[in-house]
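Peer 1: Just so we're aligned, residue 1 is where the sequence shown starts under UniProt numbering, counting upward by one. For reference, the structure I am asking about is given below.
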Amino acid sequence: MTDDLTVLLGKTALGDQRAFEQLYRLSAPRLYGLALLVTRRKDLAEEALQDAYVSIWHSAHSFAAERGSAHAWLSTIVRNRCLDKLRRQKLPPTDLSPREWEEIAADCLEPSESVEAAAEIRRLNQCLTHLDDNQRRSVVLAYLQGLSHSELAVRMQAPLGTVKAWVRRGMDKLKGCLQL
1 MTDDLTVLLG
11 KTALGDQRAF
21 EQLYRLSAPR
31 LYGLALLVTR
41 RKDLAEEALQ
51 DAYVSIWHSA
61 HSFAAERGSA
71 HAWLSTIVRN
81 RCLDKLRRQK
91 LPPTDLSPRE
101 WEEIAADCLE
111 PSESVEAAAE
121 IRRLNQCLTH
131 LDDNQRRSVV
141 LAYLQGLSHS
151 ELAVRMQAPL
161 GTVKAWVRRG
171 MDKLKGCLQL
């Protein structure tokens, strides 16, 4: 399925509406499941999925197969739209542990992608151990739980500028570690 999604995303980037329809038919059921897990509300999941596909249509040209699988790229867009919906509704993001996010990701992936994703997650977890506690916590809260920098500052009881620095430095360290 991943190869199919990659091809369909390429055609969608060129404005092929039929490819986009096929992309939707192939990916929507799993992505809707992901949206339901993140929002835990059918109405928000449906809205987030619709917004995600509008975004996918407009940004398909930015997908780069060499940087990750098509399904992972689509899942990230859906997850981000879900978090946007939760923020607008002033609802707390789904409070899942990194382990629970791994399980959700595994449920949304094909078996061959799941093995690949598990290896990537292990590598990411290894790299996270190289961050200091504040950097690790701020990166995990920002990227896994979808907290904004302002929300992080409140949660971590630290100045906004400090939190931004922790996130930026943490991401820089992760990027360096993951590129090795």
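Glycine is no exception: its CB is placed at the ideal position from the N, C-alpha and C atoms.
Cα-Cα, which of Val7, Gln179, Gly161, Leu36 is closest to Ala45?
Peer 2: Numbered from 1 along the sequence shown, position 45 holds the residue referred to as residue 45. Looking at the Cα atoms, Leu36 is the closest of the given residues.
Peer 1: Is it the case that the Cβ atoms of Ser150 and Leu160 are separated by a distance below 8 Å?
Peer 2: Position 150 of the sequence shown holds residue 150. Position 160 of the sequence shown holds residue 160. Result yes, Cβ atoms of Ser150 and Leu160 sit closer than 8 Å.
Peer 1: Output needed for Gln89: all residues of its chain with C-beta closer than 8 Å, excluding positions within five of it in sequence on either side, in chain order.
Peer 2: Taking the sequence shown and counting its residues from 1, the one referred to as residue 89 is at position 89. Cβ neighbours of Gln89 beyond the five flanking positions: Leu44.
Peer 1: Tell me which residue opens and which closes the alpha helix (DSSP H) that Thr76 is part of.
Peer 2: For the purposes of this step, residue 76 is taken as the residue at position 76 of the sequence shown. Where Thr76 is concerned, the enclosing alpha helix (DSSP H) stretches over 70-88.
Peer 1: With His61 as the anchor, note down where its alpha helix (DSSP H) starts and where it stops.
Peer 2: Residue numbering aside, residue 61 sits at position 61 when the sequence shown is read from its first letter. Per DSSP, His61 belongs to no alpha helix (DSSP H) and is neither H nor E.
Peer 1: For Thr12, I'd like the list of residues in its chain whose CB is within less than 8 Å of its CB, leaving aside the five on either flank, ordered along the chain.
Peer 2: What you label residue 12 is simply residue 12 of the sequence shown in a count that begins at 1. Only Ala19, Phe20, Leu23, Ile56, Trp57, Ala60 meet the Cβ criterion.
Peer 1: Is the segment 129-137 close to the segment 65-73, with three or more CB pairs under 8 Å?
Peer 2: Segments in contact, no.
Peer 1: If we ignore side chains and look at the alpha-carbon of each, how far apart do Tyr53 and Gly170 end up?
Peer 2: In the sequence shown, the residue the question calls residue 53 occupies position 53. In the sequence shown, the residue the question calls residue 170 occupies position 170. Tyr53 and Gly170: Cα-Cα distance of roughly 31 Å.
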